[in-house]
Amino acid sequence: MQSIKDILNSFDCEFVEDYKKVWVKAKLNSKDDLLSVAKKLKENGLRSLSTVSPTDFLEDNIMEINYFFEDLDTKRNLWLKLDLPRESETCNIESLTPIFPSANWHEREAYSMFGVDFLNHPDLRDIIKSEDFTGKSPFRKDFDWEAHEKDNLTNVQTIVDAFKKEQAENEVDLDTDSSETILNWGPTHPASGPIRLRVHCDGEDIIGIDPDIGYVWRALEHLITKKDFIGAIVSVERLCFMDNINSMTAYAMAVEEIADVKITPFASWMRVLLGEVARVSSHFMGLGMFFNNMGLHTLAMWNMDTREFFLDFLESYSGARIATASVEPGGVRYGLDMAMFNELQLAIEKFDSSIGEVEAIFVKNPTMKLRAVDVGVLSAQEIHEFGLSGIVARASGVKTDIRIDEPYAAYAELDLDYIIQKDGSAKDRFEMLFHELKQSVNIIKKAKKKIEENVASGEMNPTKDHMVKVPKKLPKGEAISRVEWARGEVLMHLVTQEKAKTPYRLKIRAPSFNHTMMLDHLLQGQTLSDIPLIFGSLYICQGDLDR
Amino acid sequence: MIVIEIVKRTIRVAKALMTKSPAVKDVRFEPMHHPSRYRGKHRVNYETCIGCDSCNKICPTNAITMKELPFKKQNIVPEVNLSVCVFCGLCEDVCPTKPEKSIILSGGRYDMLSGGWHEDQDNFWVNVDIPKSYIDSRLEEEATRVKKELAAKKKAAEAEAKKKEESLLPDFNKGVLE
Chain P
1 MQSIKDILNS
11 FDCEFVEDYK
21 KVWVKAKLNS
31 KDDLLSVAKK
41 LKENGLRSLS
51 TVSPTDFLED
61 NIMEINYFFE
71 DLDTKRNLWL
81 KLDLPRESET
91 CNIESLTPIF
101 PSANWHEREA
111 YSMFGVDFLN
121 HPDLRDIIKS
131 EDFTGKSPFR
141 KDFDWEAHEK
151 DNLTNVQTIV
161 DAFKKEQAEN
171 EVDLDTDSSE
181 TILNWGPTHP
191 ASGPIRLRVH
201 CDGEDIIGID
211 PDIGYVWRAL
221 EHLITKKDFI
231 GAIVSVERLC
241 FMDNINSMTA
251 YAMAVEEIAD
261 VKITPFASWM
271 RVLLGEVARV
281 SSHFMGLGMF
291 FNNMGLHTLA
301 MWNMDTREFF
311 LDFLESYSGA
321 RIATASVEPG
331 GVRYGLDMAM
341 FNELQLAIEK
351 FDSSIGEVEA
361 IFVKNPTMKL
371 RAVDVGVLSA
381 QEIHEFGLSG
391 IVARASGVKT
401 DIRIDEPYAA
411 YAELDLDYII
421 QKDGSAKDRF
431 EMLFHELKQS
441 VNIIKKAKKK
451 IEENVASGEM
461 NPTKDHMVKV
471 PKKLPKGEAI
481 SRVEWARGEV
491 LMHLVTQEKA
501 KTPYRLKIRA
511 PSFNHTMMLD
521 HLLQGQTLSD
531 IPLIFGSLYI
541 CQGDLDR
Chain Y
1001 MIVIEIVKRT
1011 IRVAKALMTK
1021 SPAVKDVRFE
1031 PMHHPSRYRG
1041 KHRVNYETCI
1051 GCDSCNKICP
1061 TNAITMKELP
1071 FKKQNIVPEV
1081 NLSVCVFCGL
1091 CEDVCPTKPE
1101 KSIILSGGRY
1111 DMLSGGWHED
1121 QDNFWVNVDI
1131 PKSYIDSRLE
1141 EEATRVKKEL
1151 AAKKKAAEAE
1161 AKKKEESLLP
1171 DFNKGVLE
């Protein structure tokens, strides 16, 4: 940590300070220093750039850019801020993509949403937003959504025209003598989900992949600023329904930090318990989808069967199976009826009795191993450079897990170990999912036991301890929070204004964004049949890809 | 051998027919799992609703519109557009009436979309149908209350006037005595 501070102090900084346990927070005065700072930071070991998050301060006429650097090995992180002028002519900054490849899409997103111009970016095109937003910056505070919505029909026509133009240009641009073609993989491919990959291929061989994303763009980060602090959980959980609870936990933690509220031990244990139940439900889907993409649907069906029991518990607790909306700032939303644990016990028993078969038939499946063992290999070096996280990172042997690195809720009291694989192939990522599934169920067992013991001894009151009151109006401030989501690391950056009733800005850093960035890198030189397999193994969800 | 095989298979089939299937619930009529907290179709109690508008304010999808009633107080009541609602239950959370909330989702019907009757799906709103008798009685109540209030006001005004007179009297008496 001291070495990072030394580097920053050698430049012109407004402040350099410690933030939480594993962060350094600093603000650069001049944007000209950014490149040289970034180079030195990389030499120092901060190899991944987690995300780039602009905040638009309309009144001060400032576009503030936040860079989040991470070192996955030594767990040192840096939050670097920088002020830019707001006018679109001068709102530009040197791109970090040549030094940190992971910045590529994040800078494109900042460019599309806020109109920040990144100089010397290798491929600065619009991303996520549809063609009718071309030339507009929808997340700027002065963007007129109502005027945009008014021309709905012409907007739709713009999108259609753009698509037709693209297809027509493909025909012309490609060399008629070569055999190169562009295939559209998705958005209606059974394995794709709402994403379109423009696959440049020569016969069966893939030359390159250019993903077209944004099919489920709901502008969540903007929607949240239209709601109050409690209503925002409804938007936050729509990051991805498979694991909706951990995303709400991240948001709630950020709000609690600004409001300076401490939650009860019961609430923090409930967050662990519910979060792991959601993780189990997500991992079950991931396992099933991997085999689905290889053409075998049995595992997905079996998993759905066991998953139902866990969803039953969620439904009893919160009243909904998928969209639970059950974590609020201040704790968890509902009290616990101890009889609900009987249902959780049923789920655990069902899991224990059926997981052996899954392991014997699918995880140790010789055909799967032959097919997936050399496909989509990611080295540890690439994990660092592209800022990957979650099971993808751990499958390549990188020890990163926010639950251990920066413990939140009650994870500090749990004795967790990193689960890693060595080779980083598609097979390893599949096995990672399986091992994490078992780890999650173990955590559920521990958390359940802990809550039961404490309730029996009278230390926790399951019907009253679940909430601490959070004031409706928050002071001015900003906070970041990280959680280990089912698909990887989620980082939320929350900004509030004076006497705020609504969030001013919430940046959600979603792991699938980085993982989708890897598709081009992984699939170059492979064949078309590898697309579903590698896509499935990266454990991508379009919900958090587009937000 | 063949005979034994035939007998074996017959017994097996017979057994399979005799054992009860694990799927015993017809989920068209009865849900598999219906906990008391299940967030289903709203029920609005217009009698206890105080018309504070907080459910409308918190609704994250603007699914709630307030229906106007011909009263002076408690003159709005929520109606829910179910095709916009995301069933988050925040309206129930913020409802201040006690002991029972005036807008309730918990334990509500789940078969708004899955119930196969066409008529059920025509109307995607939770409407509040208030009988005329209730409106009349409330209006009457209000009228009597207004009358009472007016009478009370009049009385108070009279009393005040009297007081003033009385307060003037001693002065007058004083003057006389002196």
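Residue numbers (my numbering), protein chains in the order written: chain P, 1 to 547; chain Y, 1001 to 1178. Just so it is clear, CB atoms sit at the ideal spot from N, CA and C, and this is done for glycine as well.
Item: Hey, how far is the Cα of residue 1178(Y) from the Cα of residue 1159(Y)?; Value: With a pLDDT of 45 at residue 1178(Y), under the threshold of 50, the modelled position of this residue cannot be trusted, and the question is left open.
Item: Span of the beta strand (DSSP E) holding residue 496(P)?; Value: 488-496
Item: Can you tell me which of the three DSSP states residue 615(P) falls into?; Value: The structure shown does not extend to residue 615(P), since chain P is modelled only from 1 to 547, so the question has no answer here.
Item: Which of helix, strand or coil does DSSP assign to residue 477(P)?; Value: strand
Item: Return the chain-ordered list of same chain residues with a C-beta closer than 6 Å to the C-beta of residue 378(P), the five sequence neighbours on each side being excluded.; Value: 396, 424
Item: Are residue 241(P) and residue 355(P) touching if we call contact CB-CB under 8 Å?; Value: no
Item: Could you tell me which whole alpha helix (DSSP H) segments of length 4 or greater appear in the region 1120-1162 of chain Y?; Value: none
Item: For residue 239(P), count neighbouring Cβ atoms within 10 angstroms of its own Cβ and tell me buried if that reaches 16, exposed if not.; Value: buried
Item: So residue 522(P) and residue 201(P) are supposed to be a Cβ contact under 8 Å. How far apart are they, rounded?; Value: The Cβ separation is near 15 Å, so there is no contact.
Item: Apply the 10 Å Cβ neighbour rule to residue 67(P) and answer buried if 16 or more other Cβ atoms are within range, or exposed otherwise.; Value: buried
Item: When you compare only the Cα positions, how much space is there between residue 495(P) and residue 1149(Y)?; Value: 51 Å
Item: Leaving out five residues on either side along the sequence, give the residues of the same chain with a beta carbon under 7 Å from the beta carbon of residue 310(P).; Value: 277, 280, 281, 347
Item: Can you grab the Cα-Cα spacing for the pair residue 1009(Y) / residue 1003(Y), in whole Å?; Value: 10 Å
Item: Quick check on the DSSP output: the beta strand (DSSP E) that includes residue 1041(Y) runs from which residue to which?; Value: 1039-1044
Item: Rounded to whole angstroms, what is the Cα-Cα separation between residue 15(P) and residue 8(P)?; Value: 9 Å
Item: On the DSSP bridge list, what partners appear for residue 198(P)?; Value: 184(P), 210(P)
Item: Determine the direct distance from the alpha carbon of residue 409(P) to that of residue 268(P), and round the result to whole angstroms.; Value: 5 Å
Item: Kindly indicate the opening and closing residues of the beta strand (DSSP E) around residue 528(P).; Value: That residue, residue 528(P), is in no beta strand (DSSP E); it is neither H nor E in DSSP.
Item: Give the list of continuous beta strand (DSSP E) stretches no shorter than 3 residues that lie fully inside the region 325-367 of chain P.; Value: none
Item: Tell me, please, which residues DSSP counts as bridged to residue 79(P).; Value: 25(P), 68(P)
Item: Would you tell me roughly how many angstroms separate the C-alpha atoms of residue 158(P) and residue 134(P), rounded to the nearest one?; Value: 10 Å
Item: Check whether the Cβ of residue 1090(Y) lies closer than 8 Å to any Cβ atom in chain P.; Value: yes
Item: Considering only residues of the same chain and omitting the five flanking positions on each side of residue 299(P), which have a CB-CB separation below 6 Å?; Value: 288, 291, 362
Item: Thinking C-beta only, is residue 490(P) closer than 8 Å to residue 510(P)?; Value: yes
Item: Using a cut-off of 7 Å between C-beta atoms, extract the partners of residue 231(P) located in chain Y.; Value: 1058, 1060, 1090
Item: Taking Cβ to Cβ, would you say residue 193(P) is nearer than 8 Å to residue 539(P)?; Value: no
Item: Where does residue 16(P) sit, in a helix, a strand or coil, going by DSSP?; Value: strand
Item: Provide the residue span of the alpha helix (DSSP H) that contains residue 432(P), from first to last.; Value: 426-456
Item: Count the C-beta pairs between the region 1039-1048 of chain Y and the region 1099-1113 of chain Y that are closer than 8 Å, then say yes if the count reaches three, no if not.; Value: yes
Item: Are the beta-carbon atoms of residue 1064(Y) and residue 230(P) separated by less than 8 Å?; Value: no
Item: Take the Cβ of residue 167(P) as the centre, count every other Cβ of all protein chains shown within 10 Å, and call the residue buried at 16 or more, exposed below.; Value: exposed
Item: DSSP puts residue 1106(Y) in a beta bridge; with which residues?; Value: 1039(Y)
Item: Got a sec: is the Cβ-Cβ distance from residue 318(P) to anything in chain Y below 8 Å?; Value: yes
Item: Note down the Cα distance separating residue 296(P) from residue 468(P), rounded to an integer number of angstroms.; Value: 47 Å
Item: State the DSSP-derived secondary structure class of residue 305(P), mapped to helix, strand or coil.; Value: helix
Item: Alpha carbon to alpha carbon, how far is residue 271(P) from residue 456(P)?; Value: 19 Å
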